[in-house]
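Counting from 2, one number per residue, gives the positions in the sequence shown under the numbering used here. Backbone N, C-alpha and C define an ideal beta-carbon position, used for all residues, glycine too.
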Amino acid sequence: MGSLDTRTLQALDAAHHLHPFNDNAALAKKGTRILTRGQGCHVWDAEGNQLLDAFAGLWCVNIGYGRRELAAVAAAQMEQLAYYNSFFQCTTEPTIALAAQLAELAPGDLNHAFFTNSGSEANDTILRLVRHFWAVQGQPEKSIFIGRHNGYHGTTMGGASLGGMKAMHGQGGLPIAGIEHIDPPFWFGDGGELEPDEYGLLAARRLERKILELGPERVAAFIGEPVMGAIGVHIPPPSYWPEIERICRQYDVLLVADEVICGFGRTGQWFGCQQFGFQPDVMTLAKGITSGYLPLGAAMFNDRVAGVLKEQGGELAHGCTYSGHPVCAAVALENLRILGEERIVEHAREDIAPYLAQRWAELGEHPLVGEARIAGLMGALELVPDKRSRAPFPDAGRVGGLCRDIALRHGLILRATADAMLLEPPLVISRAQVDELFDKAWSALQETAQMLGK
Ligand code: PXG
């Protein structure tokens with residue numbers, strides 16, 4: 002396989018590979034980009050182009066590419082015990098060690114892990130087990146989950162239903178029953194003349210209205226990403242999450258933080274809920290848990306929920322063959338060791354995040370940029386036709402796509418969601434690489450503006 006040229010590979014790909022989140026007909030005409038190698042914050046494609054990956058793979062390669070320690074741990078675990086299940090009164094040592102390590106890292110009393118292969122499956126797990134939690138306490142009707150429009154919680158039937166992406170709901174008969182959505186906090190698009198904190202409270206109280214409309218005795222949980230990632234890094238005002246927490250406590254609605262993107266350092270703290278000042282009852286983990294080196298997800302439950310599931314839950318009729326896979330668990334442990342011992346999260350928070358924020362604000366000066374928002378190491382540049390007004394481009398996505406393609410020609414992977422250019426580099430990005438990112442992004446903005454005749 003290694004000897005095939007790019008054109009042949011692209012032809013085979015077009016013939017045999019259905020790509021997720023792609024218009025496959027359009028992609029087949031254009032040809033996929035084939036990545037061959039990664040080191041630190043850079044990847045190389047089959048044409049030999051070196052690209053600065055401001056997307057960290059897909060929000061996941063937190064410790065950067067090419068860490069041999071992870072490969073060594075995976076090889077050693079495969080040789081010793083490649084697989085064993087956690088179903089039939091068994092498990093493996095790395096699985097136990099990872100559960101204990103996560104309990105120590107996670108804030109508050111989130112002390113219990115249920116392992117999956119992905120974030121989507123972790124959210125499906127939460128949907129089932131939280132409903133079970135209420136049901137075994139004699140409240141089977143307390144089963145509705147409230148999510149948010151434009152939220153992203155994965156792609157399985159449960160995950161995509163909890164999420165609020167209209168395009169996803171349009172395929173496959175979603176959302177499934179018992180899931181409601183409220184409008185999310187997006188101050189730039191929706192805040193009008195309100196101060197951000199005033200708006201944050203107003204946005205949070207949409208949850209209270211929804212709970213009262215449905216009846217608190219029917220609402221099982223609220224789920225949200227601390228910072229909404231996939232929709233375009235929508236960062237809530239500081240007042241939002243504490244008010245959400247107050248509302249959840251008042252009506253005894255469980256608070257689920259989907260930390261798939263925010264977890265493991267992305268916002269500058271280990272978990273996004275720590276950055277935004279709230280304590281979830283349940284937490285979704287994936288991506289940065291292994292820095293993307295192997296697939297792994299986890300649902301973390303607090304003592305209250307896990308206590309009921311353990312004492313009253315009976316046999317949990319749920320799980321995947323690979324729940325707690327020993328090789329994935331060993332790699333996760335090694336990833337967490339590196340993140341911890343090399344103080345990667347602290348360094349990112351104290352040294353890189355402030356510098357990145359400063360340079361990101363400079364990009365915000367560009368005439369095409371309506372807002373440059375950033376939280377730790379996740380940010381967005383909202384491209385607009387007129388900097389003085391917040392109105393979007395009429396044909397959403399065209400300008401963002403143009404800017405993304407130009408950035409790529411400059412050697413920068415900058416992801417676009419509609420007309421927002423997103424930033425989520427590996428946490429190990431250096432100041433020099435931040436400068437490289439800035440220069441390339443500025444050139445891409447300049448060229449985009451030129452092409453628009455601005
Ligand atoms: N929750 C959140 C907050 C996510 O961002 C998932 C759950 C699902 O995880 P898995 O491992 O099942 O993919 C995600 C995944 C994008 C994009 O376009 C984002 C994700 C996945 C695919 C595309 O930004 N995030």
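Quick one: is PHE279 buried, meaning 16 or more other Cβ sit within 10 Å of its Cβ, or exposed?
Here the question's residue 279 lines up with position 278 in the sequence shown. Taking all protein chains shown into account, PHE279 has 16 or more neighbouring C-beta atoms within 10 Å of its C-beta and is therefore buried.
Can you tell me which of the three DSSP states MET169 falls into?
For this step, residue 169 is matched to residue 168 along the sequence shown. Three-state result, MET169: helix.
Residue of ASP191, HIS170 and LYS441 minimising C-alpha distance to ALA204
Counting from one through the sequence shown, the residue named residue 204 turns up at place 203. Closest in C-alpha terms to ALA204, from the list ASP191, HIS170 and LYS441, comes ASP191.
What does the Cβ neighbour count give for PRO540, buried or exposed, with the cut at 16 atoms within 10 Å?
Only positions 2 to 455 of the chain appear in this structure, which leaves residue 540 out of reach.
Sorted by chain position, which residues of the same chain lie with C-beta nearer than 7 angstroms to GLY266's C-beta, five sequence neighbours on each side aside?
Counted from its first residue, the sequence shown places residue 266 at position 265. By the criterion of a C-beta distance shorter than 7 angstroms, GLY266 is surrounded in its chain by ASN63, GLY289, LEU340, ILE345, VAL346, ALA349 and LEU428, once the five residues flanking it on both sides are discounted.
Output the distance between the C-alpha atoms of GLY377 and ILE353, rounded to the nearest integer angstrom.
Locating residue 377 in the sequence shown gives position 376, counting from the first residue. Locating residue 353 in the sequence shown gives position 352, counting from the first residue. If you draw a straight line from the Cα of GLY377 to the Cα of ILE353, it is about 8 angstroms long.
Minimum length 4: unbroken alpha helix (DSSP H) runs contained in the segment 10 to 80
If only complete runs of 4 or more residues are kept, the segment 10 to 80 shows the alpha helix (DSSP H) at 25 to 31 and 57 to 60, in order along the chain.
C-alpha distance - THR291 paired with HIS18, whole-angstrom precision
In the sequence shown, the residue the question calls residue 291 occupies position 290. In the sequence shown, the residue the question calls residue 18 occupies position 17. In this structure, the CA atom of THR291 is about 26 angstroms from the CA atom of HIS18.
Would LEU71 and VAL332 qualify as a contact pair, given that the criterion is a beta-carbon distance under 8 angstroms?
Position 70 of the sequence shown, counting from 1, holds the residue named residue 71. Position 331 of the sequence shown, counting from 1, holds the residue named residue 332. For the pair LEU71 and VAL332, the CB atoms are nearer than the 8 angstroms cut-off.
Beta-bridge pairing of GLY298 - partner residues as DSSP gives them
Within the sequence shown, residue 298 is the residue found at index 297, counting from 1. According to DSSP, GLY298 bridges with THR117.
Closer than 7 angstroms: ALA26 CB and nearest the ligand PXG heavy atom
As a working note, residue 26 is residue 25 in the sequence shown. Not one heavy atom of the ligand PXG falls within 7 angstroms of the beta-carbon of ALA26.
Extent of the continuous alpha helix (DSSP H) run through ARG305:
Here residue 305 is taken as the residue at index 304 of the sequence shown, counted from 1. Residue range 304 to 313 is occupied by the alpha helix (DSSP H) that includes ARG305.
Are HIS150 and PRO176 close, meaning C-beta to C-beta below 8 angstroms?
Within the sequence shown, residue 150 is the residue found at index 149, counting from 1. Within the sequence shown, residue 176 is the residue found at index 175, counting from 1. Inclusion of HIS150 and PRO176 in the CB contact set at 8 angstroms is not warranted, their separation being larger than that value.
Do the segment 130 to 144 and the segment 226 to 246 meet, that is, are 3 or more Cβ pairs less than 8 angstroms apart?
Taking 8 angstroms as the limit for Cβ pairs, the verdict is that the segment 226 to 246 does not touch the segment 130 to 144.
On the DSSP bridge list, what partners appear for ARG374?
For the purposes of this step, residue 374 is identified with residue 373 of the sequence shown, where counting begins at 1. DSSP, once it has assigned bridges, lists ALA381 as partnering ARG374.
Whose C-alpha, out of GLY371, GLN40 and GLU437, is nearest the C-alpha of ARG391?
Your numbering for residue 391 matches position 390 in the sequence shown. The shortest CA-to-CA distance from ARG391 to any of GLY371, GLN40 and GLU437 is the one to GLY371.
Among the candidates ASP24, PHE22 and GLY32, whose CA atom is the shortest distance from the CA of THR7?
Reading the sequence shown from its first residue, position 6 is the one you call residue 7. Distances from the CA of THR7 to each of ASP24, PHE22 and GLY32 were compared; the closest alpha carbon is that of GLY32.
Strictly by DSSP, which residues pair up with THR157?
Position 156 of the sequence shown, counted from the start, is the residue given in the question as residue 157. None, per the DSSP bridge assignment.
Which partner residues does ILE224 have in the DSSP bridge list?
Position 223 of the sequence shown, counted from the first residue, corresponds to residue 224. Residue pairing by DSSP places ILE224 opposite VAL257 in a beta bridge.
For the beta strand (DSSP E) containing GLU343, list its first residue and its last residue.
If you number the sequence shown from 1, residue 343 lands on position 342. Where GLU343 is concerned, there is no enclosing beta strand (DSSP E), given that its DSSP letter is neither H nor E.
Regarding ILE262 and the ligand PXG, is the C-beta to nearest heavy atom distance less than 7 angstroms?
Here residue 262 refers to the residue found at position 261 of the sequence shown. Annotation for ILE262 indicates a beta carbon within 7 angstroms of some heavy atom of the ligand PXG.
If we ignore side chains and look at the alpha-carbon of each, how far apart do MET422 and GLN447 end up?
Here residue 422 is taken as the residue at index 421 of the sequence shown, counted from 1. Here residue 447 is taken as the residue at index 446 of the sequence shown, counted from 1. Rounded to the nearest angstrom, the two C-alpha atoms are 14 angstroms apart.
Taking all protein chains shown into account, decide if PRO393 is buried (16 or more other Cβ within 10 angstroms of its Cβ) or exposed.
Numbered from its first residue, the sequence shown carries residue 393 at position 392. Buried: at least 16 other Cβ atoms inside 10 Å.
Taking 8 angstroms as the limit between beta carbons, can you name the residues of its chain near MET158, skipping five residues before and five after?
Here residue 158 is taken as the residue at index 157 of the sequence shown, counted from 1. For MET158, where only same-chain residues beyond five positions count, the Cβ hits under 8 angstroms are ASP125, GLY173, LEU175 and ILE177.
Would you kindly work out how many angstroms separate the C-alpha atoms of PRO296 and CYS61, rounded to a whole number?
Walking along the sequence shown from the start, residue 296 turns up at place 295. Walking along the sequence shown from the start, residue 61 turns up at place 60. Their Cα atoms are separated by approximately 10 angstroms.
What's the gap between the Cα of PRO386 and the Cα of ILE407?
Looking up residue 386 in the sequence shown gives position 385. Looking up residue 407 in the sequence shown gives position 406. Spanning the two alpha carbons is a distance of roughly 18 angstroms.
Any idea what DSSP makes of LEU415, helix, strand or coil?
Residue numbering aside, residue 415 sits at position 414 when the sequence shown is read from its first letter. It is coil, neither helix nor strand.
May I ask whether a heavy atom of the ligand PXG can be found less than 7 angstroms away from the beta carbon of GLU226?
Taking the sequence shown and counting its residues from 1, the one referred to as residue 226 is at position 225. Yes.
Residue range of the unbroken beta strand (DSSP E) whose run includes ILE180
Within the sequence shown, residue 180 is the residue found at index 179, counting from 1. Looking at the DSSP string, the run of the beta strand (DSSP E) that includes ILE180 is 180 to 183.
Quick check: the Cα distance between GLY193 and PHE223, rounded to an integer number of angstroms?
To locate residue 193, count along the sequence shown from 1; it is residue 192. To locate residue 223, count along the sequence shown from 1; it is residue 222. Cα to Cα, GLY193 sits roughly 26 angstroms from PHE223.
For ALA101, count neighbouring Cβ atoms within 10 angstroms of its own Cβ and tell me buried if that reaches 16, exposed if not.
On the sequence shown, position 100 is the one that residue 101 refers to. Exposed: under 16 other Cβ atoms inside 10 Å.
Put PHE189 into one of helix, strand or coil per three-state DSSP.
Position 188 of the sequence shown, counted from the start, is the residue given in the question as residue 189. For PHE189, the three-state secondary structure derived from DSSP is helix.
Would you check if the distance between the CB atom of LEU409 and the CB atom of MET379 is smaller than 8 angstroms?
The count along the sequence shown starts at 1 and reaches residue 409 at position 408. The count along the sequence shown starts at 1 and reaches residue 379 at position 378. No; because the gap between Cβ atoms is not below 8 angstroms, this pair is not in contact.
Taking the continuous alpha helix (DSSP H) assigned at GLY273, which residues delimit it?
Within the sequence shown, residue 273 is the residue found at index 272, counting from 1. From DSSP, the alpha helix (DSSP H) with GLY273 extends over 273 to 277.
ILE147 lies in the beta strand (DSSP E); which residues open and close that run?
Position 146 of the sequence shown holds residue 147. Where ILE147 is concerned, the enclosing beta strand (DSSP E) stretches over 145 to 149.
State the DSSP-derived secondary structure class of VAL283, mapped to helix, strand or coil.
Here residue 283 refers to the residue found at position 282 when the sequence shown is read from its first residue. In the structure shown, VAL283 sits in a strand (DSSP, three-state: E or B).
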